[in-house]
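A quick write-up on the structure given underneath.
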Amino acid sequence: MRVLVAPDKFKGSLSAAEVAEHLATGLSAAGIDSRRLPLADGGDGSVDAAVAGGFTPHPVTVAGATGTPHYGRIGVHDGTAVVEVADTCGLATLPSGRRAPLDASSLGMGQAIGHALRHHPVRLVLALGGSASTDGGMGMLAALGFVFYDSNGRQLRACGRTLRQVHTVDASRAVNLTGIEIVVAGDVTNPLTGPTGAAAVYGPQKGADPATVRYLDDGLENLVDAFTRSGCPQARAVADSAGAGSAGGIGFAAMLLGARMVSGAEFFLELLDFDGYLPGADLVITGEGSIDEQTEHGKLLTVLARRAHPVPVIAVAGRNSLPRSRWQQAGFSRICALGDYTDRDTSTDPALTGRLLTRIAREIAHLRHAASLRRRPSRTRRRHTAESTR
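If you count the sequence shown from 1, you need to add 138 to reach our numbering.
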């Protein structure tokens, strides 16, 4: 049996590469070789997956969500650079994990893009999951040379708190991105503002109470008006576009720079050459931290299962709430959850997660081997069948 191990990360516990390693170890213990392909979907871990897939890592020092220095990295390969919010100015960069809905900024993302541009990419991939800010991408744009002024001509710090004060935007000293394809990889389809916008839907996850959500949404509306009066007539149409609300409005800023929005799952499967790894595989084992009803709606695992068909796909998850009756419809022949093997919380215990993944992979190997034996006629039965046909 030939197995392709192609998981996403287990958020908060193991990277995709670490998940793949533990699963491969379990298969090896059962006498089965496997190929590993750590994956991502445009969220946190995208650079790690790109590096595991052959991209060269380049360390960067940028401003974390609230301005403290953060050491991250970008991935570069063959003219493509991958930069992610989570590893530059995302929630994980908040000191002590304390949310800062008004003061968090996307400045670090723009600084990382600046580092990426030094490698002269022809394609820039922005992975926007795990953001900490709701600043409409002001911080990212500020790092790329945009300057934001209030009505008195004073330069503003780029963060959610100053959104309502922006009156004009000066792009005269912005970096030249001509000739670079900019891709935003993700699955967020929210517009920038309104009841389904960045502040209303994702603000509470970043620490915003109802009053702060209203403040940020009003500020994002004001930012759009400021861009419009500053010579960017398409700003309103861009703000209303699907995906403009991703990463607290970084999607909006990226689209103003000419970015196109793509499915993160589809894009990263292409980028990491999933189809090239699939031929010859008898089984695909994938996984992520949580499988639920949302998994069925264009998420990485179900997109992978569709592309792998007719090769069977087994999914492994930290926890699973998808009913067995819908496994097949989602594309899985089986789902194994760590929660079925322990009462402990594995989401913050990498060692336990690793041990259970290894155990589950070993069990999968034994079950598949037993199933193949049941399907294979015995030597005596084969001889009897051959003699009866003479």
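Note that beta-carbon positions come from the ideal geometry of N, C-alpha and C, so glycine has one too. Keep in mind the model is a prediction, meaning the values are calculated, not measured.
Annotated three-state conformation of serine 289 is coil, per DSSP. Taking 4 residues as the minimum length, the alpha helix (DSSP H) runs contained wholly in the stretch 304-380 are 348-367 and 373-377, in order along the chain. Threonine 424 and alanine 144 do touch by the CB rule: their CB atoms are close to 5 Å apart, below 8 Å. Minimum Cα-Cα distance from alanine 201 among the listed residues Ala230, Leu177, Gly181 and Val220 corresponds to Ala230.
In the three-state reduction of the DSSP assignment, glycine 246 falls in the helix class, which pools H, G and I. Around the CB of threonine 199, fewer than 16 other CB atoms lie within 10 Å, so the residue is classed as exposed. Beyond the five residues adjoining it in sequence on each side, glycine 492 comes within less than 6 Å, by CB distance, of His160 in the same chain, given in chain order. Per DSSP, the unbroken alpha helix (DSSP H) holding methionine 276 starts and ends at 276-281. Between the stretch 179-186 and the stretch 259-268 there are three or more inter-stretch CB-CB distances shorter than 8 Å, so the stretches are counted as touching.
Bridge partners of tyrosine 209 according to DSSP: Thr199.
For isoleucine 429, the enclosing beta strand (DSSP E) starts and ends at 421-429.
Residues Gly274, Leu301 and Val304 of the same chain have their beta carbon placed closer than 6 Å to that of leucine 361, with the five preceding and five following residues left out of the count.
Nearest C-alpha to glycine 418 among Arg398, Pro448, Arg299 and Ser271: Pro448.
Cβ neighbours of alanine 373 within its own chain (closer than 6 Å, five residues either side excluded): Val362, Phe365 and Thr366. Judged by their CB atoms, arginine 445 and leucine 407 are nearer to each other than the 8 Å cut-off. Taking 8 Å as the cut-off, the beta carbon of proline 176 is found no closer than this to the beta carbon of glycine 192. Take the alpha-carbon of threonine 331 and the one of alanine 337: they are about 7 Å apart. The DSSP assignment places 388-394, 402-409, 412-415 and 438-446 as complete runs of the alpha helix (DSSP H) inside the stretch 384-465, in order along the chain (cut-off: 4 residues).
For the pair cysteine 474 and arginine 236, the Cα-to-Cα distance works out to about 34 Å.
The C-alpha of arginine 292 lies about 19 Å from the C-alpha of leucine 240.
Contact between glycine 436 and serine 401 holds, with the beta-carbon distance rounding to 6 Å and staying under 8 Å.
With respect to the C-alpha of alanine 250, the residue from Arg211, Asp481, Ser234 and Gly357 having the closest C-alpha is Arg211.
Leaving aside the five residues that flank tyrosine 479 on each side, the residues in its chain whose CB is nearer than 8 Å to its CB run, in chain order, Leu494, Arg497 and Ile498. Relative to serine 289, the option among Ser368, Ser234, Gly217 and Gly283 whose CA is nearest is Ser368.
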